[in-house]
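Protein chains in written order, with numbering that gives the first Met the number 0: chain A, 0 to 173; chain B, 0 to 177.
Beta carbons: idealized from backbone N, C-alpha and C, even for Gly.
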Amino acid sequence: MSITSKLKEAVLCLRAGRVTLPYPAQSSPLPARFRGRPVFDAAKCIGCGGCASNCPAREILVYDVCQEIRIIKYLGRRCTYCGRCADVCPEKAITMSHEFENATPAIGDIQQRLELFMSTCQRCGRCFKEPSKLEELKMKGYRFDDLENERWVFRSQAYLDGQPVVDDIEIELD
Amino acid sequence: MLKNLCQKMFGRSLWVYHANSGGCNGCDIEVLNALTPYYDAERFGIRLVGSPRHADVMLCQGPAMRSTAKALQRAYEAMPAPKLVFAIGSCACGGGIWYDMYSVLGPVEKLVPVNFYIPGCPPRPEAIIYGVAVALGIVDKKTAPVQFKHLEMPIPRYHPEDLRRDGEMVVYARTETV
Numbered sequence: 000m001s002i003t004s005k006l007k008e009a010v011l012c013l014r015a016g017r018v019t020l021p022y023p024a025q026s027s028p029l030p031a032r033f034r035g036r037p038v039f040d041a042a043k044c045i046g047c048g049g050c051a052s053n054c055p056a057r058e059i060l061v062y063d064v065c066q067e068i069r070i071i072k073y074l075g076r077r078c079t080y081c082g083r084c085a086d087v088c089p090e091k092a093i094t095m096s097h098e099f100e101n102a103t104p105a106i107g108d109i110q111q112r113l114e115l116f117m118s119t120c121q122r123c124g125r126c127f128k129e130p131s132k133l134e135e136l137k138m139k140g141y142r143f144d145d146l147e148n149e150r151w152v153f154r155s156q157a158y159l160d161g162q163p164v165v166d167d168i169e170i171e172l173d
Numbered sequence: 000m001l002k003n004l005c006q007k008m009f010g011r012s013l014w015v016y017h018a019n020s021g022g023c024n025g026c027d028i029e030v031l032n033a034l035t036p037y038y039d040a041e042r043f044g045i046r047l048v049g050s051p052r053h054a055d056v057m058l059c060q061g062p063a064m065r066s067t068a069k070a071l072q073r074a075y076e077a078m079p080a081p082k083l084v085f086a087i088g089s090c091a092c093g094g095g096i097w098y099d100m101y102s103v104l105g106p107v108e109k110l111v112p113v114n115f116y117i118p119g120c121p122p123r124p125e126a127i128i129y130g131v132a133v134a135l136g137i138v139d140k141k142t143a144p145v146q147f148k149h150l151e152m153p154i155p156r157y158h159p160e161d162l163r164r165d166g167e168m169v170v171y172a173r174t175e176t177v
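Shown next as structure tokens:
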């Protein structure tokens, strides 16, 4: 009786075949919607800090070290890869990558640090995000590029002396 | 140095003890998943044991909690001398989402010295096996800190006193090319 049950078990095991994945040699494909470590694209980041204010684990920190430099630090220690930062990013600078093999002997290896130049407010001197295209159009001295001579050209002449509108806005100079 | 020491000390099999100090059970399920025939961790000699006195490695899951702090420290002290501690999951690595609650002390490293961190919420079973492989020196770690710095101001500074008339156009007096 026991021999027949053992034989039955052996047949069942043989029919199942091998299920063990050859993981360290060759990894299985990840699902398409898998969220791994967020990757910050510094070329696209405008430093608005929306990711920092939306992070449930408070793992994205924003420092304004001086007037024109903003440091965005992603520490990633208690990041749950929820993807809220990628959702809220207006420039799509954060992408949830497929990297999950983040094991490390030093926890500082996961961190990402962006040091960005920011426009500063002429009045209070604090950083603000760059104006959008629409806001740029509304600005008085909206510039366009003179590609032939490789320089910026300002469309408005309001800042030149002798213009009737030269003193209608006060800008603090350096 | 740590890698060489690990290869010398843990040359054969790692017996792991599975300590949950107040996690949500997600990482426990992933650790047990790593021991199932799918990700057969016993190929590498990793075996789950029931007592810290038999164990080489402690897998910590969950943050350091006020209520389980002493028990975790006692379990760590009960392990024989060449011992490793793995912090598995976001809670053990950094304290988890509820890191600032009254009952949570923070990451596990506040109570016991942690040798390896495996972040993720929960980490995939592959990630756990990868962490053990990094600890054993089979593979190299993939992560490194990333730093990015703007070296040039991306837009020209806005100094209206430098604007000059040039024929029909208004341009900067300083030659600032596009």
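Could you work out which residue in the options is closest to residue i when comparing CA atoms only?
i: A:Cys12; options: B:Leu31, B:Pro36, B:Ile28, B:Asn24; result: B:Pro36
i: B:His149; options: A:Tyr80, A:Cys47, A:Ile68; result: A:Ile68
i: B:Tyr75; options: B:Glu125, B:His53, B:Arg42; result: B:His53
i: A:Val38; options: A:Pro104, A:Cys47, A:Cys88; result: A:Cys88
i: B:Gln146; options: A:Pro28, A:Leu74, A:Lys91; result: A:Leu74
i: A:Ile93; options: A:Cys47, A:Thr103, A:Thr3; result: A:Cys47
i: B:Gly49; options: B:Ala172, B:Ala132, B:Asn19; result: B:Asn19
i: B:Gly121; options: B:Pro144, B:Val15, B:Ile28, B:Ala172; result: The sequence shown places Pro at residue 121 of chain B, rather than the Gly named in the question. Closest option to B:Pro121, Cα to Cα, is B:Ile28.
i: B:Val84; options: A:Glu114, A:Ala105, A:Met95, A:Gln66; result: A:Ala105
i: A:Tyr80; options: A:Cys50, A:Gly16, A:Lys43, A:Ala24; result: A:Cys50
i: B:Leu71; options: B:Asp161, B:Asp39, B:Glu108, B:Cys26; result: B:Glu108
i: A:Asn101; options: B:Ser12, B:Leu13, B:Lys141, B:Asp161; result: B:Lys141
i: B:Ala80; options: B:Ala63, B:Asp55, B:Gly136; result: B:Asp55
i: B:Asn114; options: B:Lys82, B:Tyr38, B:Ile45; result: B:Lys82
i: A:Glu260; options: A:Gly16, A:Glu8, A:Lys5, A:Gly107; result: In the structure as shown, chain A starts at 0 and stops at 173, and residue 260 of chain A therefore has no counterpart that could be examined.
i: B:Glu160; options: B:Gly166, B:Ala172, B:Ala143, B:Glu167; result: B:Ala172
i: B:Cys90; options: B:Ile117, B:Arg164, B:Leu135; result: B:Ile117
i: B:Met100; options: B:Glu125, B:Ser66, B:Ile127; result: B:Ser66
i: A:Gln110; options: A:Asp86, A:Pro28, A:Lys43, A:Arg36; result: A:Arg36
i: A:Thr19; options: B:Ala33, B:Gly25, B:Asp39; result: B:Asp39
i: B:Ala33; options: B:Arg73, B:Tyr129, B:Gly21; result: B:Tyr129
i: B:Ala126; options: A:Arg17, A:Thr3, A:Tyr22; result: A:Tyr22
i: A:Ile71; options: A:Ala56, A:Gly82, A:His97, A:Ala41; result: A:Ala41
i: B:Gly21; options: B:Ile45, B:Arg46, B:Arg42, B:Met64; result: B:Met64
i: A:Arg112; options: B:Pro112, B:Val133, B:Ala143; result: B:Ala143
i: B:Arg42; options: A:Val64, A:Gly16, A:Ala24; result: A:Ala24
Should residue i be counted as a contact of the ligand MG given a C-beta to heavy atom distance under 6 Å?
i: B:Ile127; result: The ligand MG is not among the ligands present in this structure, which contains no ligands whatsoever.
Along chain A, which residues have their Cβ under 7 Å away from the Cβ of residue i?
i: B:Tyr98; result: Arg77
i: B:Cys120; result: Thr79, Tyr80
i: B:Arg123; result: Phe99
i: B:Gly94; result: Arg77
i: B:Pro51; result: Simply none; closest approach about 22 Å.
Measure how close the beta-carbons of residue i and residue j come, nearest whole angstrom, since I'm counting them as under 8 Å.
i: B:Gly119; j: A:Phe99; result: 6 Å
i: B:Gln60; j: B:Ile96; result: Rounded, the Cβ-Cβ distance is 15 Å, inconsistent with contact.
i: B:Pro51; j: B:Tyr98; result: Between B:Tyr98 and B:Pro51 the Cβ distance is about 26 Å, and since that is not below 8 Å, they are no contact.
i: B:Val103; j: B:Leu58; result: With a Cβ gap of about 19 Å, B:Val103 and B:Leu58 do not count as contacting.
i: A:Asn53; j: A:Cys78; result: Not quite, the Cβ-Cβ distance comes to about 13 Å (not below 8 Å), so this is no contact.
i: B:Leu13; j: B:Val131; result: 7 Å
i: A:Ile45; j: A:Glu90; result: 6 Å
i: B:Cys23; j: A:Arg76; result: 17 Å between Cβ atoms; not a contact.
i: B:Gly110; j: B:Ala68; result: The residue you asked about is not Gly; residue 110 of chain B is Leu in the sequence shown. Their Cβ separation, rounded to whole angstroms, is 6 Å, which keeps B:Leu110 and B:Ala68 in contact under 8 Å.
i: A:Arg34; j: A:Met95; result: 4 Å
i: B:Gly94; j: B:Pro124; result: B:Gly94 to B:Pro124, Cβ: 23 Å. No contact.
i: A:Leu29; j: A:His97; result: 5 Å
i: B:Val169; j: A:Val61; result: 36 Å between Cβ atoms; not a contact.
What does residue i touch in chain B if you count any residue whose Cβ is under 8 Å from its own?
i: A:Arg112; result: Pro144, Val145, Gln146, Phe147
Does any residue of chain D bring its CB to less than 7 Å from the CB of residue i?
i: B:Asp39; result: Considering every chain present, this structure includes no chain D. Its protein chains are A and B.
For a contact meaning CB atoms closer than 9 Å, what does residue i contact in chain B?
i: A:Thr62; result: According to the sequence shown, residue 62 of chain A is Tyr rather than Thr. None at all; the shortest Cβ gap to chain B is about 14 Å.
i: A:Ala51; result: Those do not exist, as A:Ala51 stays about 15 Å from chain B at its closest Cβ, beyond 9 Å.
So with CB distances below 8 Å, who are the chain A contacts of residue i?
i: B:Ser89; result: Ala56, Arg76, Arg77, Cys78, Thr79
i: B:Asn114; result: Pro104
i: B:Pro36; result: Val18, Thr19
i: B:Ile117; result: Asn101, Ala102
Which residues of chain B have a Cβ atom closer than 7 Å to the Cβ of residue i, listed in chain order?
i: A:Ala41; result: Phe147
Minimum length 3: unbroken beta strand (DSSP E) runs contained in the stretch 85 to 112 of chain A: Taken in chain order, the complete beta strand (DSSP E) segments of 3 or more residues contained in the stretch 85 to 112 of chain A are 93 to 95.
Short of 7 Å Cβ to Cβ, which residues in the stretch 64 to 82 of chain B face chain A? If the cut-off is 7 Å between Cβ atoms, the stretch 64 to 82 of chain B has nothing near chain A.
Cβ-based contacts, 9 Å cut-off: residues of the stretch 125 to 147 of chain B near chain A: Here the close residues are Glu125, Ala126, Ile127, Ile128, Tyr129, Gly130, Val131, Ala132, Val133, Ala134, Ile137, Val138, Lys140, Lys141, Thr142, Ala143, Pro144, Val145, Gln146, Phe147.
Closer than 7 Å, Cβ to any Cβ of chain B: which residues of the stretch 19 to 39 of chain A, in chain order? Those would be Thr19, Leu20, Tyr22, Pro23, Ser26, in chain order.
Hey, which unbroken runs of the alpha helix (DSSP H) at 4 residues or more fall wholly within the stretch 5 to 82 of chain B? At a cut-off of 4 residues, the continuous stretches assigned as alpha helix (DSSP H) that sit fully inside the stretch 5 to 82 of chain B are 25 to 34, 68 to 77.
Identify each residue in the stretch 89 to 119 of chain A for which the Cβ-Cβ distance to at least one residue of chain B is less than 9 Å, and report them in chain order. Against chain B - using a Cβ distance shorter than 9 Å - the residues of the stretch 89 to 119 of chain A are Glu98, Phe99, Glu100, Asn101, Ala102, Thr103, Pro104, Ala105, Ile106, Gly107, Asp108, Ile109, Gln110, Gln111, Arg112, Leu113, Glu114, Leu115, Phe116, Ser118.
Every unbroken alpha helix (DSSP H) within the stretch 29 to 76 of chain A, with a cutoff of 4 residues, ordered by chain: Correct list: 49 to 53.
Considering only residues of the stretch 96 to 128 of chain B, which uninterrupted beta strand (DSSP E) runs meet the minimum length of 3 residues and lie entirely inside it, listed in chain order? You should have 103 to 105, 115 to 117.
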